[in-house]
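The structure under discussion appears below in the form of structure tokens.
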Amino acid sequence: MKTFNPLNLLFLFLIGFNFSCLQTNKSENQKPLAKHVILIGSDGFGAYAFNKAKVPNLRKLMQEGSYSLEARCVLPSSSAVNWASMIMGSGPELHGYTEWGSKTPELPSRIIGKGNIYPTIFSLIEEQLPEAKKGVVYTWGGIGYLFEKSMVDIDYNGKTDVDTAKKALKFIVDEKPALTFIHFDEPDGAGHNIGHDTPEYYEAVEKIDSLVGIIITTLEKNNLMDDTAIIFSSDHGGIGKGHGGKTLEEVEIPWILCCKNIPKKGKLNSSIVTYDTAATIAQILGIEQPQYWTGRSVLSEIK
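Using the numbering used here, the first residue of the sequence shown is number 116, and each one after it goes up by one.
What follows is the structure, encoded as structure tokens:
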């Protein structure tokens, strides 16, 4: 004759309780924090630019959100490798893009997704939010090799940063996309042609700030600001007329997040690497990131 053991009942209760907690935490982690994310990337915008340039619109985002001026790009501190890392949630050792102008991976990608490249944030949205709109609008043509063109609703290579901004804003206002990646080519051009840490470089930085102001104003006029998360960052800084090296002037980049649904924390002291951007976007939109991504959501340091 078997006897009733109350410990068995307690054991079953604890299993059920823990499972319930896991399910609750999982659903909470997947709850979207904003309907729209706008990722603004400014080429060659070193974090040091904030010391001398007048950037009131970016400072407004910093004051109303969270930021770091000590975030870092991956090495080498060049364009394609870092733009790829920003939207692929991983560094070059996994996605394989290793050079300034990489069009295809020099190192075989660890994973090949349905878009025939290492999966970006756009492929995650395509898979988990199939009805959501998404797009990439960029001034530097090299961006066009770094995302799944078949998975976006707009793929536009602007002639100038002003052209890029206008096209992106029309898409945002008309389509209300879940994610828009806006790439501006300056101040990289000024840095290469005239030099970083020059009056001309800071003038180019300030023009980018004015475009950020236009984006903010447009969102406010169209009642989109409350449901939108804006992330501003860069691929690298620069020194002299170049970049690609290991100095802080080349490696440190700004990282700014502003969203009314996310607590503002001001200056962040945690380490941020550019591939953390994709992981952060995924959490904001309430989607799961894959195991093969190495980025960590910055939101863990904000909440």
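We treat Cβ as the ideally placed atom computed from N, Cα and C, and that holds for glycine.
In the DSSP assignment, find the beta strand (DSSP E) that holds Ser325 and state where it starts and stops. For the purposes of this step, residue 325 is taken as residue 210 along the sequence shown, with counting starting at 1. Per DSSP, Ser325 belongs to no beta strand (DSSP E); it is in the alpha helix (DSSP H), 314 to 336.
Cα separation between Val196 and Ser205? The sequence position of residue 196 within the sequence shown is 81, counting from 1. The sequence position of residue 205 within the sequence shown is 90, counting from 1. Looking at the two C-alpha atoms, the distance is approximately 10 angstroms.
Quick one: is Ile227 buried, meaning 16 or more other Cβ sit within 10 Å of its Cβ, or exposed? Numbered from its first residue, the sequence shown carries residue 227 at position 112. Counting Cβ neighbours within 10 Å, Ile227 comes out exposed, since fewer than 16 surround it.
Closest Cα partner of Lys361 within the set Ile153, Ser193, Thr389: In the sequence shown, residue 361 corresponds to position 246, counting from 1. For the residues Ile153, Ser193, Thr389, the minimum Cα distance to Lys361 belongs to Ser193.
Give the single residue among Ser415, Gln406, Met177, Tyr182 whose Cα lies nearest to the Cα of Tyr233. Here residue 233 refers to the residue found at position 118 of the sequence shown. Looking at the Cα atoms, Gln406 is the closest of the given residues.
Exposed or buried, what is Asp289 when buried is set at 16 or more other beta-carbons lying within 10 Å of its beta-carbon? Counting from 1 along the sequence shown, the entry for residue 289 is found at position 174. Counting Cβ neighbours within 10 Å, Asp289 comes out exposed, since fewer than 16 surround it.
Mapping the DSSP letters down to three states, classify Ile309 as helix, strand or coil. As a first step, residue 309 is located in the sequence shown; it is residue number 194 there, counting from the start. Ile309 falls in the coil class under three-state DSSP.
Whose C-beta lies closer than 7 angstroms to the C-beta of Gly328 among residues of the same chain, with five residues either side of it excluded? If you number the sequence shown from 1, residue 328 lands on position 213. So the list reads Asn172, once near-sequence residues are dropped.
Apply the 10 Å Cβ neighbour rule to Arg225 and answer buried if 16 or more other Cβ atoms are within range, or exposed otherwise. If you number the sequence shown from 1, residue 225 lands on position 110. The residue in question, Arg225, is exposed, as its Cβ has fewer than 16 Cβ neighbours within 10 Å.
Secondary structure at Asp276, three-state DSSP: helix, strand or coil? Numbered from 1 along the sequence shown, position 161 holds the residue referred to as residue 276. If DSSP states are grouped into helix, strand and coil, Asp276 belongs with the helices.
Around the Cβ of Ile399, are there at least 16 other Cβ atoms within 10 angstroms (buried) or fewer (exposed)? Numbered from its first residue, the sequence shown carries residue 399 at position 284. Buried: at least 16 other Cβ atoms inside 10 Å.
With DSSP collapsed to three states, give me the class of Arg174. Within the sequence shown, the letter at position 59 stands for residue 174. The answer is helix: DSSP assigns Arg174 an H, G or I state.
So the candidates are Gly381, Met340, Gly216; which of them puts its Cα closest to the Cα of Ile149? Locating residue 149 in the sequence shown gives position 34, counting from the first residue. Note that residue 149 is Ala in the sequence shown, not Ile. The shortest C-alpha separation from Ala149 is found at Met340.
Please name the residue, chosen from Lys146, Gln145, His151, that lies closest to Leu334 on a Cα-to-Cα basis. For the purposes of this step, residue 334 is taken as residue 219 along the sequence shown, with counting starting at 1. The shortest Cα separation from Leu334 among Lys146, Gln145, His151 belongs to His151.
Mark Gly256 as exposed unless 16 or more other C-beta atoms lie within 10 angstroms of its C-beta, in which case mark it buried. Against the sequence shown, residue 256 aligns to sequence position 141. So Gly256 counts as exposed.
Is the beta carbon of Glu364 less than 9 angstroms from the beta carbon of His311? Here residue 364 is taken as the residue at index 249 of the sequence shown, counted from 1. Here residue 311 is taken as the residue at index 196 of the sequence shown, counted from 1. Yes, these two residues count as a Cβ contact at 9 angstroms.
Range covered by the alpha helix (DSSP H) that runs through Met207: Here residue 207 corresponds to residue number 92 of the sequence shown, with the count starting at 1. Sequence inspection shows Pro at residue 207; the Met mentioned does not correspond to that position. That run of the alpha helix (DSSP H) goes 207 to 210.
I need the DSSP call for Tyr407, collapsed to helix, strand or coil. Taking the sequence shown and counting its residues from 1, one reaches residue 407 at position 292. Three-state DSSP puts Tyr407 in coil, outside helix and strand.
Alpha carbon to alpha carbon, what distance is there between Glu242 and Phe128? For this step, residue 128 is matched to residue 13 along the sequence shown. For this step, residue 242 is matched to residue 127 along the sequence shown. Low confidence applies here, because Phe128 scores a pLDDT of 41, under 50, leaving its location unreliable; read the following figure in that light. For Phe128 and Glu242, the distance between alpha carbons rounds to 36 angstroms.
For a test of the three-state rule: what should DSSP assign to Thr219, helix, strand or coil? Here residue 219 refers to the residue found at position 104 when the sequence shown is read from its first residue. Coil, per DSSP.
Counting pairs of Cβ atoms below 8 angstroms between the segment 308 to 326 and the segment 159 to 175, do you hit three or more? yes
Got a sec: does the ligand NAD put a non-hydrogen atom nearer than 8 angstroms to the Cβ of Met340? Only the bare structure without any ligand can be found here, which leaves the ligand NAD out of the picture.
Name the one or two DSSP bridge partners that Trp370 has. The residue given as residue 370 occupies position 255 in the sequence shown. Answer is Ser183, Ser348, bridged to Trp370.
Is it buried or exposed for Asp324, if we count other Cβ within 10 angstroms and need 16 for buried? In the sequence shown, the residue the question calls residue 324 occupies position 209. Buried is the call here.
Could you check whether His351 and Gly161 sit closer than 9 angstroms to each other, using their CB atoms as the reference points? The sequence position of residue 161 within the sequence shown is 46, counting from 1. The sequence position of residue 351 within the sequence shown is 236, counting from 1. Result yes, Cβ atoms of Gly161 and His351 sit closer than 9 angstroms.
Three or more C-beta pairs under 8 angstroms: does that hold for the segment 183 to 192 against the segment 385 to 395? yes
Thinking C-alpha only, which one of Ile330, Ile240, Lys249, Ile309 is nearest Asp276? Numbered from its first residue, the sequence shown carries residue 276 at position 161. When only C-alpha atoms are compared, the closest one is Ile330.
Could you check if Ser415 is buried or exposed, using at least 16 other CB atoms within 10 Å of its CB as the buried criterion? Here residue 415 refers to the residue found at position 300 when the sequence shown is read from its first residue. By the 10 Å Cβ count, Ser415 comes out exposed.
Cut-off 6 angstroms between Cβ atoms - residues of its own chain near His358, not counting five sequence neighbours on either side: Within the sequence shown, numbered from 1, the residue matching residue 358 stands at position 243. Excluding sequence neighbours, His358 sits near Ser192, His351, Glu365.
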